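*Asks:*
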Amino acid sequence: MSELEILYKCDSSYIITFYSAFFVENRISICTEYMDGGSLDVYRRIPEHVLGRISVAVVKGLTYLWSLKILHRDVKPSNMLVNTRGQVKLCDFGVSTQLVNSIAKTYVGTNAYMAPERISGEQYGIHSDVWSVGISFMEVIAEYFFPSFHFILCGLSCSVVALYTINLSPFLYLLCPQDHAFILHYDDGNAEVVSMWVCRCLEERRAQAQGKM
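Here the working numbering is used: the sequence shown runs in plain steps of one and ends on residue 204.
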């Protein structure tokens, strides 16, 4: 599906509103509503109670897309827009796709926010969007970032590397491209919420994997 098709099809208060599109000099320009707060990637250290409200809007937006069998595939802070009215909306459906039997295969999107199954080139579904949401929220709630791929790899001892497959190095490289700022750690005050989120995601992911067997 093209971005225009998705925008035209969507009717949700959590998805950017589409007004019109026009073609000029071999370029398509899309007119949407103006979100005067910009995107979430310009914000840092968002208070937890504010992030909670943002989370509700983002999840509702994604749930709406999934109800139409649309996978966003590029969930990240720069694709979450806010305005001074307190609204949060998803945008940029340039790599979104229509799900077939709840499964997709194409390798598109932004590596740093991709779920492991997408990095590995395996089949994936809505759980990959959920993973990207978690990474995005970790990024906007903190002000520290992951070091580069080479720094991470050099910090791993030989004994640690030996515990994993030979694919560890290229996998880390895909996850942490040198030109992407990523989170290093987060405040311990968020530990309980993050723990619950991770446990739930792992349970869902495990159930999905067993269903493929």
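From the three backbone atoms N, C-alpha and C, an ideal C-beta is built for every residue, glycine too. Remember, it's a predicted structure, so these values are computed and weren't measured experimentally.
#1: In this structure, how does DSSP classify V66 when only helix, strand and coil are distinguished?
#2: Measuring straight from C-alpha to C-alpha, what distance separates R64 and A133?
#3: Please identify the residue among K0, I6, L(-5) whose C-alpha is closest to the C-alpha of V79.
#4: Does the segment 26 to 36 come close enough to the segment 70 to 78 to have 3 or more Cβ pairs within less than 8 Å?
#5: Where does F13 land, buried or exposed, given buried means 16+ other C-beta within 10 angstroms?
#6: Taking the alpha helix (DSSP H) that F128 falls in, what are its first and last residues?
#7: Can you check which of these residues, S127, G77, E(-6), is closest to T23 by C-alpha distance?
#8: Tell me whether E130 is buried or exposed, calling it buried when 16 or more other Cβ atoms sit within 10 Å of its Cβ.
#9: Please identify the residue among Y104, G85, I110 whose C-alpha is closest to the C-alpha of I21.
#10: Taking the alpha-carbon of E194 as reference, which of E39, W57, I61, H118 has the nearest alpha-carbon?
#11: In this structure, what does DSSP give as the bridge partners for L56?
#12: Please state whether DSSP places I7 in a helix, a strand or coil.
*Replies:* On the basis of the data shown:
#1: The answer is coil: DSSP assigns V66 none of H, G, I, E or B.
#2: Near 23 Å, if we compare the C-alpha coordinates of A133 and R64.
#3: Checked all of K0, I6, L(-5); the closest Cα to V79 is I6.
#4: They touch, by the three-pair rule.
#5: Exposed: under 16 other Cβ atoms inside 10 Å.
#6: 117 to 132 is the extent of the alpha helix (DSSP H) around F128.
#7: Of the candidates S127, G77, E(-6), the residue whose Cα lies closest to the Cα of T23 is E(-6).
#8: By the neighbour-count criterion, in which 16 or more other beta carbons inside 10 Å mark a residue as buried, E130 falls on the buried side.
#9: Taking I21 as reference, the option from Y104, G85, I110 with the minimal CA-CA separation is G85.
#10: Comparing Cα-Cα distances from E194 to each of E39, W57, I61, H118, the minimum goes to H118.
#11: Bridge partners of L56: none, in fact.
#12: Note: I7 maps to coil in three-state DSSP.
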